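4 protein chains.
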Amino acid sequence: MPAVKTKRMPRAVREQQMLDAAVKIFGQRGYMAASMDEIAELAGVSKPLVYLYLNSKEDLFSACIRREAKALIDAVRAGARPDLPADRQLWSGLTAFFTHTARNPDGWSVLHLQARTHGEVFAGEVAAMRAEIVAFVTQLILAAARDAHRDPDLPAAEVAGLAEALVGAAESLADWANATPGVTARQAAATLMNFAWAGLGDLMNGHRWVPPADDEGDQQGSTSPVR
Amino acid sequence: MPAVKTKRMPRAVREQQMLDAAVKIFGQRGYMAASMDEIAELAGVSKPLVYLYLNSKEDLFSACIRREAKALIDAVRAGARPDLPADRQLWSGLTAFFTHTARNPDGWSVLHLQARTHGEVFAGEVAAMRAEIVAFVTQLILAAARDAHRDPDLPAAEVAGLAEALVGAAESLADWANATPGVTARQAAATLMNFAWAGLGDLMNGHRWVPPADDEGDQQGSTSPVR
Amino acid sequence: MPAVKTKRMPRAVREQQMLDAAVKIFGQRGYMAASMDEIAELAGVSKPLVYLYLNSKEDLFSACIRREAKALIDAVRAGARPDLPADRQLWSGLTAFFTHTARNPDGWSVLHLQARTHGEVFAGEVAAMRAEIVAFVTQLILAAARDAHRDPDLPAAEVAGLAEALVGAAESLADWANATPGVTARQAAATLMNFAWAGLGDLMNGHRWVPPADDEGDQQGSTSPVR
Amino acid sequence: MPAVKTKRMPRAVREQQMLDAAVKIFGQRGYMAASMDEIAELAGVSKPLVYLYLNSKEDLFSACIRREAKALIDAVRAGARPDLPADRQLWSGLTAFFTHTARNPDGWSVLHLQARTHGEVFAGEVAAMRAEIVAFVTQLILAAARDAHRDPDLPAAEVAGLAEALVGAAESLADWANATPGVTARQAAATLMNFAWAGLGDLMNGHRWVPPADDEGDQQGSTSPVR
DNA sequence: TATGAATGAGAGTTCATTCAT
DNA sequence: TATGAATGAACTCTCATTCAT
Chain A
1 MPAVKTKRMP
11 RAVREQQMLD
21 AAVKIFGQRG
31 YMAASMDEIA
41 ELAGVSKPLV
51 YLYLNSKEDL
61 FSACIRREAK
71 ALIDAVRAGA
81 RPDLPADRQL
91 WSGLTAFFTH
101 TARNPDGWSV
111 LHLQARTHGE
121 VFAGEVAAMR
131 AEIVAFVTQL
141 ILAAARDAHR
151 DPDLPAAEVA
161 GLAEALVGAA
171 ESLADWANAT
181 PGVTARQAAA
191 TLMNFAWAGL
201 GDLMNGHRWV
211 PPADDEGDQQ
221 GSTSPVR
Chain B
1 MPAVKTKRMP
11 RAVREQQMLD
21 AAVKIFGQRG
31 YMAASMDEIA
41 ELAGVSKPLV
51 YLYLNSKEDL
61 FSACIRREAK
71 ALIDAVRAGA
81 RPDLPADRQL
91 WSGLTAFFTH
101 TARNPDGWSV
111 LHLQARTHGE
121 VFAGEVAAMR
131 AEIVAFVTQL
141 ILAAARDAHR
151 DPDLPAAEVA
161 GLAEALVGAA
171 ESLADWANAT
181 PGVTARQAAA
191 TLMNFAWAGL
201 GDLMNGHRWV
211 PPADDEGDQQ
221 GSTSPVR
Chain C
1 MPAVKTKRMP
11 RAVREQQMLD
21 AAVKIFGQRG
31 YMAASMDEIA
41 ELAGVSKPLV
51 YLYLNSKEDL
61 FSACIRREAK
71 ALIDAVRAGA
81 RPDLPADRQL
91 WSGLTAFFTH
101 TARNPDGWSV
111 LHLQARTHGE
121 VFAGEVAAMR
131 AEIVAFVTQL
141 ILAAARDAHR
151 DPDLPAAEVA
161 GLAEALVGAA
171 ESLADWANAT
181 PGVTARQAAA
191 TLMNFAWAGL
201 GDLMNGHRWV
211 PPADDEGDQQ
221 GSTSPVR
Chain D
1 MPAVKTKRMP
11 RAVREQQMLD
21 AAVKIFGQRG
31 YMAASMDEIA
41 ELAGVSKPLV
51 YLYLNSKEDL
61 FSACIRREAK
71 ALIDAVRAGA
81 RPDLPADRQL
91 WSGLTAFFTH
101 TARNPDGWSV
111 LHLQARTHGE
121 VFAGEVAAMR
131 AEIVAFVTQL
141 ILAAARDAHR
151 DPDLPAAEVA
161 GLAEALVGAA
171 ESLADWANAT
181 PGVTARQAAA
191 TLMNFAWAGL
201 GDLMNGHRWV
211 PPADDEGDQQ
221 GSTSPVR
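Line by line, the protein sequences give chains A, B, C and D.
Just so we're aligned: 121 in the UniProt record's numbering is position 121 of the first sequence, and the numbers increase by one with no gaps anywhere.
Just so we're aligned: 115 in the UniProt record's numbering is position 115 of the second sequence, and the numbers increase by one with no gaps anywhere.
Just so we're aligned: 163 in the UniProt record's numbering is position 163 of the third sequence, and the numbers increase by one with no gaps anywhere.
Just so we're aligned: 226 in the UniProt record's numbering is position 226 of the fourth sequence, and the numbers increase by one with no gaps anywhere.
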């Protein structure tokens, strides 16, 4: 199923066709197993043209990462509604996120799976995008604290860890949702909200789970999670 | 830096050396980018010997997966203490998990990153291990419910999603901890406990975050996470 | 002594060059001992080009067999003259056959020697060609019977055996002629005609050599071949 | 189905086991495709022992050729009965030949198929055996001439060609008989006697098939084969 | 006599990349 | 703008052969 072979298209269009093909192949096969031959064929052009426009396999992969990262960020941004309370913002952001990853499984695979397995260069490009999302979530956590009129004295490092955990959980759930038929974006988002939001709330109220003083042999409990 | 060339070792020993080398190379480069030459050199043996003992690149990779999966499961099992309350069990299991992944970053990479990007066969081997862990966590969640003498009427599907989210979050945090200098296993475990345990407790009390009825246009909040 | 390196030739031409080289190498070394490197070098191209056009060593060998089989059949067909009496037809067919095998020793080696030692697939391709020739000879034997206005009541099975023997003898003589300097195609053909034609004639007259009733102990001769 | 592993056997016995295995493998796979591993396993010994006794793959193959050549010659010799008339001698020799090749298909394959496709060294070893047989047949032809009390003035070269043709036909028929279920050694021998003996007789009476003076365009017949 | 451990050398095959038009 | 023709380099895998015991 190569693209219809239309000759003499403007460069920008051809490039998008190539990127479409590349994202699909890279997403399904991985960087190393993807072959430029297959990508060119799927794009409906000759291999030299791919090189003329995208320069090399590495550059092509980079371009895929950048395009898909931007698309994902844009989707999440479009889902966010700064006027809503923090929990609603998180909810809509998550929903947008899961919707996008469900609609673009290959792009998501490129970002989350493939880019991280090959060289620091690619990983760096993804890390930049991820940092943006973590920052967004961090902001929400702090906003939630403000909404609650509490200054729960959360140290920055702790907030960072929480944001990281939330984003990490979201990423894992995206893979899970894509791999599990019948799980919708809303369900994935709801699962995560249920899982995380109360915990965050507790934290802000100063209820935290305190690790036992000593790993071995100590018996002392902690704030019981079940009230 | 090839291993010291000790000659004429019994087969079982050589095999472990080869697996050590293979896990390292596979973990760092990925399945496709790893070359049998490099693995053999790192193991301090000739390539034919690798083939004689491990048969093929695929089989070698499989053997790595199986060995590392077993090691991980064993580590978590050794960390679990069935006599403790559920939260303490989760805590010690998580600590063991993060400790193991921190000490075996290459093995963890093989399991979590590399094995999932190449062929259903490999993914299946990992999935089996993951299923064991998810089952363990699921058990803990149910035990927590029992501990609290509540029958919170959590539907099985919801418990599955929660366990999935928890395991997913743990996996992501393991990557994060490995990539972020200065984060200890205990810190990672504490972050996740804080993040998750209170939420689970709330859920069992029937406090759940209810998504807005309609994505577009509805303004009304929900159970506020921040009290 | 690689072929003169002429660059940028149309595919069809290059393919023939490759087949030329392959037939030579396969014919001289055999299928297994022939190396794609050597073939590519003799063809004056790089190995990848051989693979691009001919796909694999097996396919290349198959292509050689098909090309050489066709050439041989065509040569024999071109030599046949359906208007002549049967003996003359056989003579001209044999002459064409020995001429062709003498001019294409490598092709003949591929067909007769090499193709039969590797896998049923290859043997099958040659068998098809051989069957055509045997059919042609069978026809001639029957035509000779008709020419003689005899119905010698030759059973089909016997005719088949005779045709087989004649073709087998021709094949062996082709090898012998190629290996023995100074033996021309005409000489080989004459030898075979002398050897076979009178015997056939006798057979059609009902003079056949009758084997002794019992292998051991019987003394009695048979129709003496020498009158 | 490796040979039963009996330890510490006298060298001569072990060598025969190895040759048995080697002939089987060489005969079925060909020289190049046969692997020393497979031969050693089939022989029920370790590879170094094969090298200790037989020295190298080449030497092993040579030994196979020599053993099988001797066996074949011996079989034919044992079948010959110098006291009989020439035709009966030929008959019994042929029968012995076809019987032996039918009982030792792998050995026959080594001699007739495999040895001729690899290097002049091996071909030479077979040629020596073949020469013996051709000499035997030549003798018979001359004896037949004597029996007939004729000195048909057959030039030596012609006799050589005839013997060659007869032996070649026999070789081809051996392959054919081995490949065609239901064809017995006696049938093969009878076919060849019928095919050849009358022709020889005619020749000795001076009836020979005379080739047309000119290949192209000449119409002139020849001694009609059908009287 | 006999073998487990080990390897140098080379096979077929594929791929990212470029040249010439 | 676009492509058929072509290749250097690297990969997985196999094999005949030897060493040390």
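Just so it is clear, CB atoms sit at the ideal spot from N, CA and C, and this is done for glycine as well.
These numbers come from a predicted model, not from an experiment.
{"Check": "What residue from A/65, A/104, A/30, A/74 has the CA that sits closest to residue 119 of chain B's CA?", "Outcome": "A/30"}
{"Check": "Would you identify the three-state DSSP class for residue 118 of chain C, choosing helix, strand or coil?", "Outcome": "coil"}
{"Check": "In angstroms, rounded to a whole number, what distance separates the CA positions of residue 164 of chain D and residue 65 of chain D?", "Outcome": "21 Å"}
{"Check": "Buried or exposed: residue 193 of chain C, going by 16 or more other Cβ atoms within 10 Å of its Cβ?", "Outcome": "buried"}
{"Check": "Ignore the nearest five residues each way along the sequence and tell me which others in residue 222 of chain A's own chain have a CB closer than 8 Å to its CB.", "Outcome": "Note that residue 222 of chain A has pLDDT 42, beneath the 50 cutoff, so the model's placement of it is unreliable and the number below is only indicative. Cβ neighbours of residue 222 of chain A beyond the five flanking positions: 209, 210, 211, 212."}
{"Check": "Would DSSP call residue 7 of chain B helix, strand or coil?", "Outcome": "coil"}
{"Check": "In the DSSP assignment, find the unbroken alpha helix (DSSP H) run with residue 93 of chain D in it and report its ends.", "Outcome": "86–103"}
{"Check": "State yes or no: is the C-beta of residue 190 of chain A nearer than 8 Å to some heavy atom of the ligand NAD?", "Outcome": "Looking at this structure, you won't find the ligand NAD or any other ligand, since it has none at all."}
{"Check": "Using a Cβ-Cβ cut-off of less than 7 Å, list which residues of the stretch 117–135 of chain D approach chain C; keep chain order.", "Outcome": "117, 118"}
{"Check": "Helix, strand or coil: how does DSSP classify residue 36 of chain B here?", "Outcome": "helix"}
{"Check": "Flag this pair as touching only if the stretch 108–122 of chain C and the stretch 185–200 of chain C have three or more C-beta atom pairs under 8 Å; answer yes or no.", "Outcome": "no"}
{"Check": "Between the stretch 133–141 of chain B and the stretch 159–173 of chain A, do at least 3 Cβ pairs fall closer than 8 Å?", "Outcome": "no"}
{"Check": "Could you check how far apart the C-beta atoms of residue 50 of chain B and residue 32 of chain B are, in whole angstroms? I think they sit under 8 Å.", "Outcome": "With 8 Å as the limit, residue 50 of chain B and residue 32 of chain B do not qualify as a contact, their Cβ atoms being about 17 Å apart."}
{"Check": "Kindly say whether residue 139 of chain D, judged by its beta-carbon, lies nearer than 9 Å to any beta-carbon of chain C.", "Outcome": "no"}
{"Check": "Can you check which of these residues, C/8, C/16, C/102, is closest to residue 177 of chain C by C-alpha distance?", "Outcome": "C/102"}
{"Check": "For residue 106 of chain A, go through chain B and note every residue whose CB falls closer than 8 Å to its CB, in chain order.", "Outcome": "Per Cβ cutoff of 8 Å: no residues; residue 106 of chain A is ~13 Å from chain B at best."}
{"Check": "Could you tell me whether the stretch 7–17 of chain C touches the stretch 92–106 of chain C, where touching means 3 or more Cβ pairs closer than 8 Å?", "Outcome": "no"}
{"Check": "Report all residues from its chain with a CB closer than 7 Å to the CB of residue 80 of chain C; omit the five preceding and five following residues, and keep chain order.", "Outcome": "89, 92, 93"}
{"Check": "Looking at the structure shown, is residue 208 of chain A part of a helix, part of a strand, or coil, going by DSSP?", "Outcome": "coil"}
{"Check": "Less than 9 Å between CB atoms is the rule here; does residue 62 of chain C satisfy it with respect to chain D?", "Outcome": "no"}
{"Check": "Can the beta-carbon of residue 107 of chain D be found closer than 9 Å to that of residue 72 of chain D?", "Outcome": "yes"}
{"Check": "Of the choices A/45, A/67, A/82, whose alpha-carbon is the least far from that of residue 128 of chain A?", "Outcome": "A/67"}
{"Check": "Is it buried or exposed, residue 78 of chain A, if we count other Cβ atoms within 10 angstroms and call 16 or more buried?", "Outcome": "exposed"}
{"Check": "Is it true that the CB of residue 202 of chain B sits closer than 9 Å to the CB of residue 199 of chain A?", "Outcome": "yes"}
{"Check": "Buried or exposed: residue 109 of chain B, going by 16 or more other Cβ atoms within 10 Å of its Cβ?", "Outcome": "buried"}
{"Check": "To the nearest angstrom, how far is it from the Cα of residue 159 of chain D to the Cα of residue 9 of chain D?", "Outcome": "50 Å"}
{"Check": "Nearest-angstrom Cα distance between residue 131 of chain B and residue 142 of chain B?", "Outcome": "16 Å"}
{"Check": "For residue 24 of chain C, count the other beta carbons within 10 Å of its own beta carbon; 16 or more makes it buried, fewer makes it exposed. Which is it?", "Outcome": "buried"}
{"Check": "Rounded C-beta distance between residue 63 of chain D and residue 54 of chain D? I'm assuming under 8 Å.", "Outcome": "6 Å"}
{"Check": "So what's residue 199 of chain D in DSSP terms, helix, strand or just coil?", "Outcome": "helix"}
{"Check": "In chain order, what residues of the same chain have a beta carbon less than 8 Å from the beta carbon of residue 47 of chain A, not counting five sequence neighbours either side?", "Outcome": "36, 37, 40"}
{"Check": "Can you list the residues of chain D that residue 191 of chain C reaches, using a CB-CB cut of under 8 Å?", "Outcome": "158, 161, 162, 164, 165"}
{"Check": "From residue 197 of chain D to residue 43 of chain D, what distance separates their C-alpha atoms?", "Outcome": "44 Å"}
{"Check": "Out of A/204, A/147, A/146, point me to the one whose CA is closest to residue 162 of chain A's CA.", "Outcome": "A/204"}
{"Check": "Would you identify the three-state DSSP class for residue 180 of chain C, choosing helix, strand or coil?", "Outcome": "coil"}
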